[in-house]
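Note sheet for the following structure.
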Amino acid sequence: MRNNDMISKWAQRFFQMAELVGSWSKDPSTQVGAVITKQNRIVSVGFNGYPHGISDSASTDDRDMKYLKTLHAEENAILFAKRDLDGCEIYVTHFPCPNCAAKIIQTGISAVHCPEQSEDFLSRWGDKIKVSQDMFLQAGVKVHWLPLVELKHINTIELPSESSNP
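Laid out in structure tokens, this is it:
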């Protein structure tokens, strides 16, 4: 998808879902979501966080310890799928790191949908993004960049408040 292409209603929905799922992360500094789909049906979702049964102390662990314990959103979505992912697509809130790219490739996921990344994100993670992009290119995994302008528009949808319910 090029930046001037319209985002399909399905891409909008799945990206909104990835944003919602990412908000479930207890990590106060970074909330990442992933949605795996096949033929416009949700197969699995995941967010970044500690493994099941591990104390959720992301706010008190130092940064290095937090990174050692944390599963990425893509990893959780792949693990929770418990099915063949060949030909599936993944929608993510942040571009996958090389380790997640390897898992995406190995499971047979055929496309990654990701928003254009901010300058701040690129300044911190640009080198790893280049590695992941190269891996996807070599493996034949398509990368679709979702234009930020259109995504900002779809993320401003207001939900009714509880007080407005009869």
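In terms of the working numbering, the sequence shown has 118 at position 135, counting the first letter as 1, and numbering is strictly consecutive. Positions of the beta carbon are idealized from the N, C-alpha and C atoms, including for glycine. None of these values were measured; they are calculated from a predicted model.
Point to revise | Cα-Cα separation between Asp69 and Thr20, rounded to whole angstroms | key: 11 angstroms
Review point. For Arg24, does the three-state DSSP call read helix, strand or coil?
Key: strand
Exercise for review: Ignore the nearest five residues each way along the sequence and tell me which others in Ser(-9)'s own chain have a CB closer than 8 angstroms to its CB.
Suggested key: none
Exercise for review: Just the C-alpha distance for Phe104 and Val114, rounded to the nearest angstrom, thanks.
Suggested key: 15 angstroms
Exercise for review: Excluding the 5 residues preceding and the 5 following Ser27 in the sequence, name in chain order all residues of the same chain whose CB lies nearer than 6 angstroms to its CB.
Suggested key: Ile19, Ala60, Phe63, Ala64
Exercise for review: Kindly indicate which three-state DSSP category Glu99 falls into: helix, strand or coil?
Suggested key: coil
Practice item. Quick one: give me the first and last residue of the beta strand (DSSP E) that Trp128 is part of. Key: 125 to 129
Exercise for review: Leaving aside the five residues before and after Pro34 along the sequence, list all residues of the same chain whose C-beta is less than 8 angstroms from its C-beta, in chain order.
Suggested key: Lys52, Leu54
Check your understanding: Which first and last residues belong to the alpha helix (DSSP H) in which Tyr50 is found?
Key -> 46 to 52
Review point. What does Val18 pair with, by DSSP beta-bridge criteria?
Key: Val28, Tyr74
**Study point:** Buried or exposed (CB count within 10 angstroms, at least 16 for buried), Gln196
**Key:** The question about residue 196 has no answer here: the residues shown for the chain are numbered -16 through 149.
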